[in-house]
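One line per chain: the protein sequences are A and B, in this order.
If you number the first sequence the way the numbering used here does, the last residue is 146 and the count never jumps.
If you number the second sequence the way the numbering used here does, the last residue is 425 and the count never jumps.
All C-beta atoms, glycine included, are put in the ideal place defined by N, C-alpha and C.
It should be emphasised that the depicted structure is a prediction, and the values quoted were computed from it without experimental measurement.
Below is one structure, written out as C-alpha cells; the observations come after it.
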Amino acid sequence: MAALKKEYHINKNDFIRAGEASIGVKNVLKSLDVDPSIIRRVAICGYEGEMNVVMHGGTGKLNIEINSTNIVLDISDNGPGMANTELAMERGYSTATDEYREMGFGAGMGLPNMEKNSDEFKIDSAVGKGTRIRMVFSLTHSKE
Amino acid sequence: MKVCPTRAIRIRDEKSVRLLDQCIGCGECLRVCPAGAISTDQPKLEQLDKNKFSAVIVAPVLSSQFPGEMPSDILAGLKKMGYTHIVELSDFLEMFQFATVTFIQENRKNRKAPWPLISPVCPVVVSLIAIRFPGLLKHILPIERPLVLLISDIRNKISRQFGIKKDDIILHHITPCPSKAVLERSLSKDERLNIDRAFGINSVYSALFHKIEESKKADILSFSRDRFDSFTSGRCLKWGMSGGEISGMQIDKSMAVCGIRETIDYLEKVELGMLRNMEYIEFRACPEGCLGGPLTVIDKYLAKSGVYRMVKMFGMGRRLPRYKIRRLYDDGWFYSKTGPDEDEMLRKLRKKPLSIESLQKIDLLFEKIRGKNCAACGSPDCRTFAEDVVRGDAKLNQCLVIRARKAEGDGKKEKRKGKVKK
C-alpha cells in the first residue's frame with residue numbers, strides 16, 4: 003500500500019521557526035484533499051506537539067505517515083523526559099516557565115488537547131531519555 | 004510569477020503569460036511586473052447613453068484619491084461625467100457593522116460559529132481561504148458584504164422611486180480592487196448580474212480629475228441632489244484603511260491584518276488553533292487596506308494622511324436609527340444566501356486533489372531537480388514545476404538545470420567513449 007512519509011526537524015527555543023513543521027504537514031494534507039476537519043485536528047495536535055519540543059524538549063523530529071486509511075503523527079525529542087506521564091496528562095498541569103506563560107503558553111492543556119483531538123494517542127517518556135508521542139488519525143471514521 | 008500567492012501564473016513559449024483558474028484577483032502581479040506584461044481587462048470608458056438612467060456606485064476609497072477635494076466636489080465631477088446618480092456605501096457599511104456586532108453578541112451565547120470569525124469583506128481573502136484554507140471557510144462571518152447588500156436591490160429601489168424600467172438603468176462601479184474590476188471573475192453572483200460595468204479608479208482618474216476642476220469653476224449648485232446621492236461619512240472614509248472596518252464596531256477582541264503575506268501568515272496561525280481568544284479578524288489583502296489597492300492612483304500613505312484629516316472633519320457619528328437595522332437583522336436580511344463554500348466560483352478556484360502516489364512522484368522529482376527556484380521553466384518554483392510535470396501540464400525537459408546536467412553527463416560520456424576508442 004502506498005504510504006507517504008515526511009520528516010521535519012524541530013529545534014529547542016527556535017520560536018521563529020516554530021510551527022513550520024505543522025504548516026508543512028497541513029499543506030501536504032491539503033493537496034491530498036483530506037477532510038478539512040481532520041486537517042484541523044492534525045494541525046492543532048502537530049502544533050501543540052511542536053511547541054512542547056521547542057519549549058522543553060531539546061532537538062526533536064516530527065514524522066508523518068499518510069496512507070489511504072489513516073494519518074500517523076509521531077513527535078519525538080531527546081530532551082529531559084518526564085517521570086510521571088499520567089500527571090503530565092492531567093488538565094491544567096504544566097511545568098512551563100513564567101517566560102513561556104507570558105507568551106501565552108503553559109496552560110497545561112497541550113497534552114490533553116492532543117489526546118482529545120486524535121483517534122489514538124500514546125505517550126512514552128523516561129527521565130533522561132526524551133519523550134515520544136504517537137498519534138493516529140483515522141481517515142475512514144472520524145472522531146467528531 | 005513568484006509573487007502570486009496561489010501560484011496561478013505560468014509563462015509558456017517564452018513570453019505568453021497564462022493565468023490559471025486559481026487567480027484570486029489580488030493584483031500582486033500588477034504591482035511588481037516591470038515589463039507591464041500584466042494588466043487588468045477593463046472596459047473603456049465611453050459616452051453614457053443620455054436617455055438612460057445611469058448610476059455609479061463608488062468605492063469608499065475614491066474620495067481619498069483626491070486629497071484636498073471635498074466629497075461634494077467629487078460628486079459634482081462624477082455628475083459632469085454623465086452619471087445621473089452617485090451611490091456610495093456609507094449607510095450600508097453602518098448597517099453591516101451593526102449586523103456584525105449583533106451576530107458576535109449572539110454568538111457569544113449560542114456559539115453557532117467558531118472563533119475567531121473572519122471578515123467576509125475582502126473578496127480576495129475569501130477566495131484565498133477557499134483555495135488555501137478550506138478548513139477556515141466556516142470561520143467566515145455569514146453576513147453579506149456591504150456592496151452586495153447595496154446592489155441586491157438598488158435596481159428595484161431606483162425603478163420604484165423614478166418609475167423607470169429596470170433594464171433602462173445603467174449601473175457602474177468604480178473600485179480600487181482588481182477582483183471587482185474584472186466582473187466576470189467576481190465572487191458574488193449579485194455583482195456579476197447587477198453591475199453592468201466596473202472600472203478601476205486608475206482608468207477613470209484623469210477624466211474625473213478634469214471634470215472636478217471644471218465643475219469647481221462652474222456654479223456650485225449646478226446639480227440637484229436627491230436621496231440616492233449621498234455624501235461620504237467619516238465611517239465610510241475610514242473603511243478604506245486597514246482597521247477601518249473594526250474601528251466602527253465595539254468588539255474588544257478584534258484585530259486587523261493587512262497585506263497578502265501577513266494575511267497568509269495569520270490564516271496559518273488561525274488554522275493551527277492560535278488566536279482562538281479573538282472574536283473577529285478583519286483581513287485585507289492589500290497593504291494598508293483598500294487604500295493600497297492595485298488600481299488606486301495616489302500613494303497609499305498620502306491617501307491615509309488625507310483620510311485622517313477628513314475623518315476629523317466629518318466625525319464618526321451614526322446616521323441610521325438602530326431599531327430599523329435591528330428589524331432588518333431579525334428578518335434575516337443580512338445573512339448571506341449561499342454559504343461561501345457553496346458558491347460555484349469558489350469551487351472552481353480549487354485545484355484537483357492529488358493522490359498519495361502523485362505526491363510521492365512530485366517529491367521524487369523535486370529531489371531530482373535540486374534547483375534554485377530559477378523559474379526559467381515558466382513555473383514559479385521547482386516544487387510547483389514538479390507538480391506541473393506530474394499533472395501533465397509541463398515537460399521535464401523545460402527545466403534548465405536538468406538539461407544542463409544531462410548535457411554535462413553526455414559530454415562526460417562522450418569523452419570517456421573517445422578515450423576508449425583511442
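* Using the Cα positions of Y10 of chain A and S78 of chain A, report the straight-line distance between them to the nearest angstrom. => 11 Å
* Listed from N- to C-terminal order along the chain, which residues in the segment 272-298 of chain B have their beta-carbon within a distance smaller than 9 Å of any beta-carbon of chain A? -> K272, E274, L275, G276, M277 and N280
* Ordered along the chain, which non-local residues of its own chain (more than five positions away) have a Cβ less than 7 Å from that of C7 of chain B? -> Taking C7 of chain B as the centre and dropping the five residues before and after it, the same chain places the C-beta of E31, C32 and P383 closer than 7 Å to its C-beta, in chain order.
* To do: Measure the C-alpha to C-alpha separation of N147 of chain A and N80 of chain A and round it to an integer number of angstroms.
  => Beyond the ends of chain A as shown, which are 3 and 146, falls residue 147 of chain A; an answer cannot be given.
* To do: Decide if E146 of chain A is buried, meaning its Cβ has at least 16 other Cβ atoms within 10 Å, or exposed.
  => For E146 of chain A, the predicted model reports a pLDDT of 48, less than 50, meaning its position is unreliable and no value from the coordinates is stated.
* **Of the listed residues B:V310, B:I132, B:N205 and B:D366, nearest to K430 of chain B (C-alpha basis)** => With chain B represented from 4 up to 425, any question about residue 430 of chain B goes unanswered, as that position is not in the structure.
* Separation of S155 of chain B from D199 of chain B, as counted between CA atoms -> Taking the straight line from one Cα to the other gives about 13 Å.
* To do: Taking only beta-carbon positions, decide if S39 of chain A is within less than 9 Å of chain B.
  => yes
* To do: Out of B:H142, B:V392, B:L349 and B:F202, state which residue places its alpha-carbon closest to the alpha-carbon of F369 of chain B.
  => Closest option to F369 of chain B, Cα to Cα, is B:V392.
* To do: Go through its chain and collect everything with a Cβ distance to R34 of chain B's Cβ below 6 Å, but skip five positions before and after it.
  => P297
* Name the chain A residues that come within less than 8 Å of I359 of chain B, Cβ to Cβ? -> A4, A5, L6, L34, I68, N69 and S70
* Roughly how many angstroms lie between the CA atoms of H58 of chain A and T43 of chain B, to the nearest whole one? -> Straight-line Cα distance between these residues: approximately 51 Å.
* the segment 145-155 of chain B contacting the segment 326-340 of chain B, beta-carbon criterion three pairs below 8 Å -> yes
* Closer than 7 Å at the beta carbon, the chain B residues around K28 of chain A -> E274, listed in chain order.
* Asked: For the segment 19-50 of chain B, which residues have a beta carbon sitting closer than 8 Å to at least one beta carbon of chain A?
  -> none
* Beta-carbon proximity of L240 of chain B to S66 of chain B, cut-off 9 Å -> yes
* Asked: Taking three-plus beta-carbon pairs below 8 Å as touching, is the segment 16-28 of chain A in contact with the segment 42-51 of chain A?
  -> They touch, by the three-pair rule.
* To do: Run the CB neighbour count on A11 of chain B, radius 10 Å, all protein chains shown included, and call it buried at 16 or more, exposed below.
  => buried
* Do you know how far the Cα of E291 of chain B is from the Cα of T61 of chain A? -> About 39 Å.
* To do: Taking only the alpha-carbon atoms, compute the straight-line gap between N86 of chain A and N65 of chain A and give it to the nearest angstrom.
  => 24 Å
* Report the neighbours of R42 of chain A on chain B: residues whose CB is nearer than 8 Å to its CB, in chain order. => Ordered by position in chain B, the residues that pass the 8 Å Cβ test against R42 of chain A are G138, E274 and G276.
* Rounded C-alpha distance that separates E282 of chain B from D255 of chain B -> 8 Å
* Partners in chain A for Q363 of chain B, counting only beta-carbon separations shorter than 8 Å -> A4 and L6
* **G71 of chain B to Y332 of chain B span [Cα, whole Å]** => 37 Å
* **Residue-chain proximity (I135 of chain A, chain B), Cβ-Cβ < 9 Å** => no
* Asked: Taking just the CA atoms, how far does K63 of chain A sit from I135 of chain A?
  -> Answer to the nearest angstrom: the Cα atoms are 11 Å apart.
* Asked: Which residue from B:A379, B:A210, B:F286 and B:E109 puts its Cα closest to that of N267 of chain B?
  -> It is worth fixing the name first, because residue 267 of chain B is Ile in this sequence and not Asn. Considering only alpha carbons, the answer is B:F286.
* Asked: With DSSP run on the structure shown, which of helix, strand or coil describes A62 of chain B?
  -> coil
* Residues in its own chain within less than 7 Å of K214 of chain B by CB, not counting five upstream and five downstream? -> G80, K83 and M84
* Return the bridge partner residues of F202 of chain B from the DSSP annotation. => B:I177
* To do: Starting from T133 of chain A, follow its DSSP beta bridges and name the residues at the other end.
  => A:D79 and A:S127
* Please confirm whether P119 of chain B and R279 of chain B have their CB atoms less than 9 Å apart. => yes
* Asked: Quick one: any contact between the segment 386-403 of chain B and the segment 358-366 of chain B, if contact means 3 or more CB pairs under 8 Å?
  -> yes
* For Y86 of chain B, count neighbouring Cβ atoms within 10 angstroms of its own Cβ and tell me buried if that reaches 16, exposed if not. => buried
* To do: Give the secondary structure of E91 of chain B by DSSP, where H, G and I count as helix, E and B as strand, and everything else as coil.
  => strand
* Of the listed residues B:I284, B:A133 and B:P324, nearest to I107 of chain B (C-alpha basis) -> B:I284
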